[in-house]
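Trainee: I'd like to ask some things about the structure below.
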Amino acid sequence: MTELAAVKAALTSQAVETPSWAYGNSGTRFKVFTQPGVPRTPQEKLDDAAKVHEFTGAAPTVALHIPWDTVDDYAALARHARDRGLTLGAINSNTFQDDDFRLGSVCHPEPAVRRKAVDHLLACVDIMDATGSRDLKLWFADGTNYPGQDDIHERQDRLAEALATVYGRLGEGQRMLLEYKFFEPAFYATDVPDWGTAYAHCLELGPRAQVVVDTGHHAPGTNIEFIVATLLRRSKLGGFDFNSRFYADDDLMVGAADPFQLFRIMYEVVRGGGLTDGVAFMLDQCHNIEAKIPAIIRSVMNVQEATAKALLVDRHALAAAQRSGDVLEANAVLMDAYNTDVRPLLTEVREEQGLDGDPMGAYRRSGWAEKTAAERVGGQQAGWGA
Ligand code: LRH
Ligand code: MN
Ligand code: MN
């Protein structure tokens with residue numbers, strides 16, 4: 001295979017998972033804005049996700065959030081997805097919207113509350129069995145607001161115990177992905193604040209427990225690509241929740257705030273073998289003011305552009321410059337790839353797949369936005385900010 005053919009093959013096989021909640025109405029803590037044509041049911045969210053896949057050819061799986069996507073029959077929901085060329089992706093647990101979880105869920109001081117949280121996580125694994133999902137994605141809002149509020153050390157023990165119970169319940173081929181976030185909603189001490197804590201728990205659990213890097217979950221200035229490289233080295237990178245941020249956990253379109261950072265992350269992914277290693281490229285975004293489906297299409301394209309640039313890095317030239325200590329040349333090799341306009345290449349890749357080279361335009365021309373705006377009245381809220 002020529003080098004260009006290998007780059008094209010890698011781009012063709014990359015899949016980006018879109019989140020069901022990105023199709024619903026969302027907002028900030030101040031206001032949820034409703035938009036015309038927004039899905040009213042989990043099934044309609046899948047109908048929209050199918051459009052993203054139809055025009056990008058690169059978004060074949062959809063993540064669910066439980067209970068936001070509660071249905072009576074999950075196998076039937078999986079069939080609904082399959083009928084539209086999709087499969088169901090990660091099942092995201094939710095132990096952060098119940099009054100009982102005021103002091104935490106799996107880290108709560110009371111055993112009965114911890115049991116309730118674990119029961120929810122086990123129910124999520126039951127759903128995975130029904131949907132055929134591979135990944136259980138865990139993010140905990142657990143933490144404390146004030147020094148002394150609870151015992152930090154013991155909370156880690158409670159967390160470890162809960163994780164071990166759920167890990168033991170995983171079926172063949174299922175994984176547990178643990179997501180960290182350095183603050184919010186707890187402001188003093190979050191129980192899974194960083195990759196190190198997540199990594200330590202995953203290491204203790206075993207090979208099917210891996211870390212999720214949500215790009216919006218770091219302090220400003222954090223070198224996320226370093227974290228990616230470190231986790232990949234130890235086969236502990238389970239996936240990404242891609243989005244971008246200017247200030248906090250902004251959940252804006254991936255690659256919008258800092259495309260260079262996304263490129264640097266994707267370079268480490270390529271370098272570390274993450275493109276072929278089962279790493280899940282998920283989006284975790286909200287489109288509060290912009291049209292949702294085109295925003296998700298744009299996000300998939302942004303991931304593809306960063307990946308294409310990362311694949312174009314001349315690895316031989318880079319290694320030679322690095323080995324000879326040529327700092328400027330090494331940096332120039334990386335920047336050459338970053339500064340390449342990869343849009344014509346991606347247009348070609350799409351056309352070779354029988355797709356329209358311009359997914360945004362193709363979606364606009366499809367009339368789906370007008371059709372859903374006319375047919376759907378009373379769109380569903382994404383789940384939070386209610
Ligand atoms: C937490 C988070 C986590 C949740 C999602 C809705 O901030 O990133 O992944 O499941 O947002
Ligand atoms: Mn996330
Ligand atoms: Mn988040």
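Letter 324 of the sequence shown, counting from 1, is numbered 324 in full-length UniProt numbering, and no numbers are missing. For every residue, glycine included, the Cβ atom is placed at its ideal position computed from N, Cα and C.
1) Express the C-alpha separation of A112 and D284 in angstroms, rounding to a whole number.
2) Can you list every residue whose CB sits closer than 5 angstroms to some heavy atom of ligand 2, going in chain order?
3) Use the C-beta contact count for D129: other C-beta atoms within 10 angstroms, 16 or more gives buried, fewer gives exposed.
4) Which two residues bound the contiguous alpha helix (DSSP H) that contains K292?
5) Give the range of the alpha helix (DSSP H) segment to which F55 is assigned.
6) Scan the stretch 122-200 and note each continuous alpha helix (DSSP H) run of 4 residues or more that stays entirely inside, going in chain order.
7) Do D151 and ligand 5 come close, with the Cβ less than 7 angstroms from some heavy atom?
8) Bridge partners of T61, per DSSP?
9) How about D251: is its Cβ closer than 7 angstroms to a heavy atom in ligand 3?
10) Along the chain, where does the beta strand (DSSP E) that runs through G238 open and close?
11) Out of G206, F281 and R271, state which residue places its alpha-carbon closest to the alpha-carbon of T214.
12) If you compare alpha carbons, which of D258, I296 and T18 is closest to G216?
13) Are V269 and V279 close, meaning C-beta to C-beta below 8 angstroms?
14) Using CA coordinates, which residue listed in P344, L136 and L122 is at the minimum distance from L88?
15) Any contact between the stretch 177-188 and the stretch 141-149? By contact I mean 3 or more CB pairs, one from each, below 8 angstroms.
16) So what does A209 bridge to, in DSSP terms?
17) Can you grab the Cα-Cα spacing for the pair K371 / A10, in whole Å?
18) Classify P36: buried if its beta carbon has 16 or more other beta carbons within 10 angstroms, exposed otherwise.
19) Where do the ends of the beta strand (DSSP E) carrying A280 lie?
20) So what does DSSP say about D98, is it helix, strand or coil?
21) In terms of DSSP beta bridges, what is V16 paired with?
22) Within 8 angstroms, do at least three Cβ pairs link the stretch 33-47 to the stretch 15-23?
23) Examine ligand 1 and report whether any of its heavy atoms sits within less than 7 angstroms of the Cβ of residue 387.
24) Spatial neighbours of I127 within its chain, please: CB distance less than 7 angstroms, with the 5 preceding and 5 following residues excluded, ordered by chain position.
25) Buried or exposed: P47, going by 16 or more other Cβ atoms within 10 Å of its Cβ?
26) So, helix, strand or coil for F33, using DSSP?
27) How is S93 classed by DSSP in three states: helix, strand or coil?
Mentor: Looking at the atomic coordinates:
1) Start at 1 with the first residue of the sequence shown, and residue 284 comes out as number 284. Start at 1 with the first residue of the sequence shown, and residue 112 comes out as number 112. Cα to Cα, the separation comes out at about 31 angstroms.
2) Every residue passing the under-5 angstroms Cβ criterion appears here: D214, D241 and D284.
3) Position 129 of the sequence shown holds residue 129. So D129 ends up on the exposed side.
4) In the sequence shown, the residue the question calls residue 292 occupies position 292. Per DSSP, K292 is one residue of the alpha helix (DSSP H) stretching across K292 to L312.
5) Here residue 55 corresponds to residue number 55 of the sequence shown, with the count starting at 1. Segment P42 to T56, the alpha helix (DSSP H) holding F55.
6) Those alpha helix (DSSP H) runs which fall completely within the stretch 122-200 and span 4+ residues are 152-169.
7) As for ligand 5, it is missing from this structure, which binds only ligand 1, ligand 2 and ligand 3.
8) Reading the sequence shown from its first residue, position 61 is the one you call residue 61. Per DSSP, T87.
9) Taking the first residue of the sequence shown as 1, we reach residue 251 at position 251. At least one heavy atom of ligand 3 lies less than 7 angstroms from the C-beta of D251.
10) Taking the sequence shown and counting its residues from 1, one reaches residue 238 at position 238. L237 to F242 is the extent of the beta strand (DSSP E) around G238.
11) For the purposes of this step, residue 214 is identified with residue 214 of the sequence shown, where counting begins at 1. Reading off the sequence, residue 214 comes out as Asp, not Thr. Just measuring C-alpha positions, the residue of G206, F281 and R271 sitting nearest D214 is F281.
12) Start at 1 with the first residue of the sequence shown, and residue 216 comes out as number 216. Nearest option by C-alpha distance: D258.
13) As a position in the sequence shown, residue 269 is number 269, starting the count at 1. As a position in the sequence shown, residue 279 is number 279, starting the count at 1. Yes; because the gap between Cβ atoms is below 8 angstroms, this pair is in contact.
14) On the sequence shown, residue 88 is found 88 positions in, with the first residue counted as 1. Looking at the Cα atoms, L136 is the closest of the given residues.
15) Because the criterion of three Cβ pairs below 8 angstroms is met, the stretch 177-188 and the stretch 141-149 touch.
16) Indexing the sequence shown from 1 puts residue 209 at position 209. Looking at the DSSP assignment, A209 forms a beta bridge with M176.
17) Working through the sequence shown from its first residue, we reach residue 371 at position 371. Working through the sequence shown from its first residue, we reach residue 10 at position 10. Using only the alpha carbons, I get a separation of about 35 angstroms.
18) For the purposes of this step, residue 36 is taken as residue 36 along the sequence shown, with counting starting at 1. Taking a 10 Å sphere around the C-beta of P36, we find fewer than 16 other C-beta atoms and assign the residue as exposed.
19) Here residue 280 corresponds to residue number 280 of the sequence shown, with the count starting at 1. Where A280 is concerned, the enclosing beta strand (DSSP E) stretches over A280 to L283.
20) Position 98 of the sequence shown, counted from the first residue, corresponds to residue 98. The answer is coil: DSSP assigns D98 none of H, G, I, E or B.
21) Mapped onto the sequence shown, residue 16 falls at position 16. Answer is F281.
22) Result yes; three or more Cβ-Cβ pairs closer than 8 angstroms.
23) Absent from the structure is residue 387, since the part of the chain shown begins at 1 and ends at 386.
24) Here residue 127 is taken as the residue at index 127 of the sequence shown, counted from 1. Result list for I127: I66, Y74 and I91, in chain order.
25) Counted from its first residue, the sequence shown places residue 47 at position 47. The residue asked about is misnamed: residue 47 is Asp in this sequence, not Pro. By the 10 Å Cβ count, D47 comes out buried.
26) Here residue 33 refers to the residue found at position 33 of the sequence shown. It is a strand residue.
27) In the sequence shown, residue 93 corresponds to position 93, counting from 1. S93 falls in the coil class under three-state DSSP.
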